[in-house]
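> Structure incoming, see below.
Residue numbers (the UniProt record's numbering): 1 to 276.
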């Protein structure tokens, strides 16, 4: 049976080994090496569980020798038994951690690491027009753009986006583009799947939405997992900020004909009190 000195030395050696593993695991040059490390950790977890139980046993068996600093045997026994109970609780938690680690070890065993990363091909996408405003109709969104930024301007213009209905109208009328902002002086700001196009020289702005053809989207989904959408930069102020302009709900534009006919701008005029 190991002496107290031997047990202490072994514990210190195990602690030092774990510290070394912490530093080494910050960067593995060969990912395949991680599988063996997980196996070693799994084995170490079993040993840790056994050690906790054995130390708890010692605290219970040796309770008759326990005193506190003031010489109270009753207090010493109480602390010895409390220590044993906490160690057993810790051992139980290690058991649960070992089960999870074992599942990870099994999953890691199914990985075949290749020296070169896979070439991921994103589904080709185009841009469909949601709304186009020019002249006086563009005054309000341009003011929002100047005061609050492009994210709030996009949010305002997105009220004209009716999803599949808007997409179908754009496809039928040919308002589909390879890239947003193809004009000479067009400025483009992206926010999620939307693109805000502004031309300060001509005085117009438009909102476009990214569109992926269903066939291409299905093929891409079979090759790679979809990537998360990246939103635009955060604003310092928004409609919910103190002093921000009051937001007005726009009447829904009529659903007949093309989105881009002048009749579809009536909603903006109504909101601004220009027509009834």
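Glycine is no exception: its CB is placed at the ideal position from the N, C-alpha and C atoms.
Using DSSP with H/G/I as helix, E/B as strand and the rest coil, what is residue 11?
On the chain shown, position 11 is the one that residue 11 refers to. Residue 11 falls in the helix class under three-state DSSP.
> Between the alpha carbons of residue 179 and residue 127, how many angstroms are there, rounded?
By 1-based counting over the chain shown, the position of residue 179 is 179. By 1-based counting over the chain shown, the position of residue 127 is 127. Straight-line Cα distance between these residues: approximately 7 Å.
> Within the stretch 119-207, note down every full alpha helix (DSSP H) run reaching 4 residues or more, in order along the chain.
Entirely contained in the stretch 119-207, the alpha helix (DSSP H) runs reaching 4 residues are, in chain order, 139-148, 150-157, 164-173.
> Starting from residue 78, trace the alpha helix (DSSP H) both ways and give me its first and last residue.
As a working note, residue 78 is residue 78 in the chain shown. Per DSSP, residue 78 belongs to the alpha helix (DSSP H) from 73-108.
> Give a yes or no on whether the C-beta atoms belonging to residue 202 and residue 187 are separated by under 8 Å.
By 1-based counting over the chain shown, the position of residue 202 is 202. By 1-based counting over the chain shown, the position of residue 187 is 187. In this structure, residue 187 does not lie closer than 8 Å to residue 202 by Cβ.
> Between the alpha carbons of residue 172 and residue 166, how many angstroms are there, rounded?
Stepping through the chain shown from its first residue, residue 172 is reached at position 172. Stepping through the chain shown from its first residue, residue 166 is reached at position 166. Approximately 10 Å between the Cα atoms of the pair.
> Please name the residue in 42, 49, 20, 63 whose C-alpha comes closest to that of residue 93.
Here residue 93 is taken as the residue at index 93 of the chain shown, counted from 1. Looking at the Cα atoms, 49 is the closest of the given residues.
> With burial defined as no fewer than 16 other Cβ atoms inside 10 Å of the residue's Cβ, what is the status of residue 318: buried or exposed?
The displayed coordinates of the chain run from 1 to 276. Any statement about residue 318 would go beyond what the structure contains.
> Would you check if the stretch 205-213 and the stretch 133-149 touch, i.e. whether three or more CB-CB distances between them fall below 8 Å?
A contact exists between the stretch 133-149 and the stretch 205-213.
> Would you mind reading off the limits of the alpha helix (DSSP H) that contains residue 116?
To locate residue 116, count along the chain shown from 1; it is residue 116. Looking at the DSSP string, residue 116 is not in any alpha helix (DSSP H), and its letter there is neither H nor E.
> In the DSSP assignment, find the alpha helix (DSSP H) that holds residue 59 and state where it starts and stops.
Residue mapping note: residue 59 aligns to position 59 of the chain shown, counting from 1. Residues 33-61.
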